[in-house]
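K.L.:
Numbering (our numbering), first residue to last: 1 to 139.
Please read through the structure below; I'll follow up with questions.
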């Protein structure tokens, strides 16, 4: 657990949260500032700064509980879909890795903007080859 981390404070019962699920590795809470009704955060109990720091076993558990929660939320709220989202680096809002489960509804206004970046087929192909090479080095 880390000092001055809101999620660590919640996990240590020093801050209030609406806890949905809690075990030895994970805690799932309703987001205090939801994008849509039913917005859930899946938080590992160990303080990981980045997605790439999270142990594979914990990542597996995160996705298993996220799937279960998504199924329940879809049925309860009659959603049009679910978005799973997480941010790294300068884009994260809390320095403790977490996964967002966001119920989606037609015309809810949530989405990504069309990027200004339009790569050529050659650029995509080059990155494709570099990525495959990078994966083979790391396996």
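For glycine and all other residues, C-beta sits at the position ideal for the given N, C-alpha and C.
None of the values given here were measured: they were computed from a predicted structure.
Among the residues of its own chain, which have a CB less than 6 Å from the CB of residue 73, if the five just before and after it don't count?
P.N.:
The sequence position of residue 73 within the chain shown is 73, counting from 1. Only 38 and 103 meet the Cβ criterion.
K.L.:
Cα separation between residue 12 and residue 128?
P.N.:
Locating residue 12 in the chain shown gives position 12, counting from the first residue. Locating residue 128 in the chain shown gives position 128, counting from the first residue. Approximately 43 Å, taken between the alpha carbons.
K.L.:
Taking 7 Å as the threshold (C-beta atoms), are residue 76 and residue 100 in contact?
P.N.:
Taking the first residue of the chain shown as position 1, residue 100 is located at position 100. Taking the first residue of the chain shown as position 1, residue 76 is located at position 76. The answer is no: Cβ separation not under 7 Å.
K.L.:
Taking all protein chains shown into account, decide if residue 94 is buried (16 or more other Cβ within 10 angstroms of its Cβ) or exposed.
P.N.:
Here residue 94 corresponds to residue number 94 of the chain shown, with the count starting at 1. It is exposed - the Cβ of residue 94 has fewer than 16 other Cβ atoms within 10 Å.
K.L.:
Reducing DSSP to helix, strand and coil, say where residue 91 ends up.
P.N.:
Taking the chain shown and counting its residues from 1, one reaches residue 91 at position 91. Reduced to three states, the DSSP call for residue 91 is helix.
K.L.:
Taking residue 51 as the reference, which of 81, 123, 96 and 111 has the closest Cα?
P.N.:
In the chain shown, residue 51 corresponds to position 51, counting from 1. Nearest of 81, 123, 96 and 111 to residue 51, Cα basis: 96.
K.L.:
First and last residue of the beta strand (DSSP E) that includes residue 35?
P.N.:
Mapped onto the chain shown, residue 35 falls at position 35. From DSSP, residue 35 is part of no beta strand (DSSP E); its letter is neither H nor E.
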